[in-house]
Amino acid sequence: MEDQAKRLRELMNKERKINNEIIVGKKAKTLAIASGKGGVGKTNYAINLGISLQNLGSSVVVIDGDIGLSNIEILTGISTKYTIVDLILKDKSIYDIIEEGPKGVKIVSGGFGHYDLSLINDKNLNKLLDEIEKLENFVDFIIFDIGAGISNMVLNFILAADEAILITTPDPTSLMDVYALIKALTIYGYMGKLNIVTNIVENKMDAINVFEKLNKVANNFLNIELEFLGYLERTNLVSKAVRNQQPFVLLSPKANISKRMNIMALKLLDIPTIEKKEKLSFTQKLKSLLFERGR
Ligand SMILES: Nc1ncnc2c1ncn2[C@@H]1O[C@H](COP(=O)(O)OP(=O)(O)OP(=O)(O)O)[C@@H](O)[C@H]1O
Ligand SMILES: [Mg+2]
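Residues in the sequence shown are numbered from 3 upward in steps of one, following our numbering.
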């Protein structure tokens with residue numbers, strides 16, 4: 003743990019240069035993985051995407067934002083000594099709670115157990131964001147696996163992220179709920195890309211039909227265009243991987259579902275450019291959403 007903290011600090015202090023210009027802005031691309039309905043595959047998606055991105059040469063942190071109901075360590079088979087709850091309650095730093103997961107993906111657990119929701123007050127949230135901010139300058143991707151639904155907290159996390167990845171299944175209730183989430187984001191003035199992933203579909207045709215149905219409603223009623231990031235078919239491999247505590251892209255790298263995950267990771271890769279130095283950090287954006295404009 004000590005060594006890891008030291009290494010992370012060293013990495014952070016490195017200057018980033020592109021074409022010999024020192025880049026001072028944030029580096030990380032922040033992705034918010036969300037859904038209207040729960041249980042549609044967000045956490046599996048988040049960790050497998052993280053590994054695919056890492057395999058493509060990026061450095062990735064996956065944060066399980068489900069405080070008290072964290073699943074990420076179960077899916078990766080790692081045990082985390084400390085979690086976000088320790089950061090908030092016990093004064094641990096982000097370096098103390100970050101763990102090395104499969105393929106070098108960094109994992110932050112949301113912790114287990116029953117916690118009073120007043121834990122997530124302004125002071126604690128600010129502290130958490132200050133700690134996350136430290137990561138923004140030295141990793142390529144921060145993937146937030148955030149809770150399902152349309153609470154203000156969920157909306158603010160998506161609004162602050164660079165890109166949203168919204169997961170839905172073909173189930174009409176899942177589609178209805180993701181539409182409600184998209185509508186809420188539109189009302190709040192979301193300007194980023196709304197990537198849609200259709201999960202647990204029967205085949206490509208099914209996936210495209212589901213996306214088109216959703217996109218048509220979004221076009222007609224909200225006047226917005228959704229982006230089809232990709233799809234994952236229904237396969238027993240996912241539950242097998244969960245039981246084995248090994249993400250499916252590692253358990254069966256050649257399986258179709260793993261290939262599709264790699265294609266989505268490739269689409270999300272973004273070669274850094276000089277213009278990026280002007281970008282506002284995720285934590286700065288989220289702080290202004292939470293504390294300046296109110297929730
Ligand atoms: N492509 C798939 N094919 C078959 N089963 C899947 C697929 N994706 C996910 N599942 C199943 O769905 C279940 C829920 O997945 P997961 O825990 O990732 O969902 P979640 O959206 O994170 O749930 P929660 O909202 O409770 O956090 C898993 O147990 C997994 O077996
Ligand atoms: Mg989950």
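From the three backbone atoms N, C-alpha and C, an ideal C-beta is built for every residue, glycine too. Please read these numbers as outputs of a predicted model, since none were measured by experiment.
Query	Result
Within 7 Å (strictly less), CB to CB, does K125 reach chain D?	The structure shown contains no chain D; it is built from a single protein chain.
What's the gap between the Cα of T275 and the Cα of D164?	Below a pLDDT of 50, predicted positions are generally treated as unreliable, and T275, at 46, falls in that range; the measurement from the model is reported next regardless. Roughly 15 Å between the two C-alpha positions.
How would you call D66, buried or exposed, if buried means at least 16 neighbouring beta carbons within 10 angstroms?	buried
What is the DSSP secondary structure of D93, reduced to helix, strand or coil?	coil
According to DSSP, simplified to helix, strand and coil, what is G106?	helix
What whole-angstrom Cβ distance do F250 and L268 have, given they're in contact under 8 Å?	So it is not a contact: roughly 17 Å between Cβ atoms.
For L253, which residues from the same chain have a beta carbon less than 8 Å from its beta carbon, with the 5 sequence-adjacent residues on both sides left out?	L239, K242, A243 and N246
Would you say N201 touches ligand 1, meaning its beta carbon is less than 6 Å from a heavy atom?	yes
Within this structure, are the beta carbons of A166 and L196 separated by less than 7 Å?	yes
Can you look up L201 in the DSSP assignment and give me helix, strand or coil?	Sequence inspection shows Asn at residue 201; the Leu mentioned does not correspond to that position. It is a strand residue.
Please state whether the Cβ-Cβ distance between D88 and G149 is less than 7 Å.	no
Taking the alpha carbon of V212 as the reference point, which residue from I86, T170 and R262 has its own alpha carbon closest?	T170
How about N158 and L292: do their beta carbons lie closer than 7 Å?	yes
With distances taken from CA atoms, which of T188, D124 and V156 is nearest N221?	T188
Please write down, chain order preserved, every residue whose beta carbon lies under 7 Å from a heavy atom of ligand 2.	K44, T45, D68, N73 and D147
What is the residue span of the beta strand (DSSP E) that F213 lies within?	Looking at the DSSP string, F213 is not in any beta strand (DSSP E); the run it does join, the alpha helix (DSSP H), is K206 to V219.
Verify the contact flag: A150, CB atom, against every heavy atom of ligand 1, threshold strictly below 6 Å.	yes
Taking one C-beta from the region 79-99 and one from the region 39-51 each time, how about it: are there three or more such pairs within less than 8 Å?	no
Is the closest heavy atom of ligand 1 to the C-beta of T85 under 6 Å?	no
Does at least one heavy atom of ligand 1 sit under 6 Å from the Cβ of R236?	yes
Going by the CB atoms, is the gap between A30 and V141 shorter than 7 Å?	yes
Between the beta-carbon of T32 and the beta-carbon of I202, is there less than 7 Å?	no
Between which two residues does the beta strand (DSSP E) containing I144 stretch?	F143 to D147
Is G40 near ligand 1, judged by its Cβ being under 6 Å from some heavy atom?	yes
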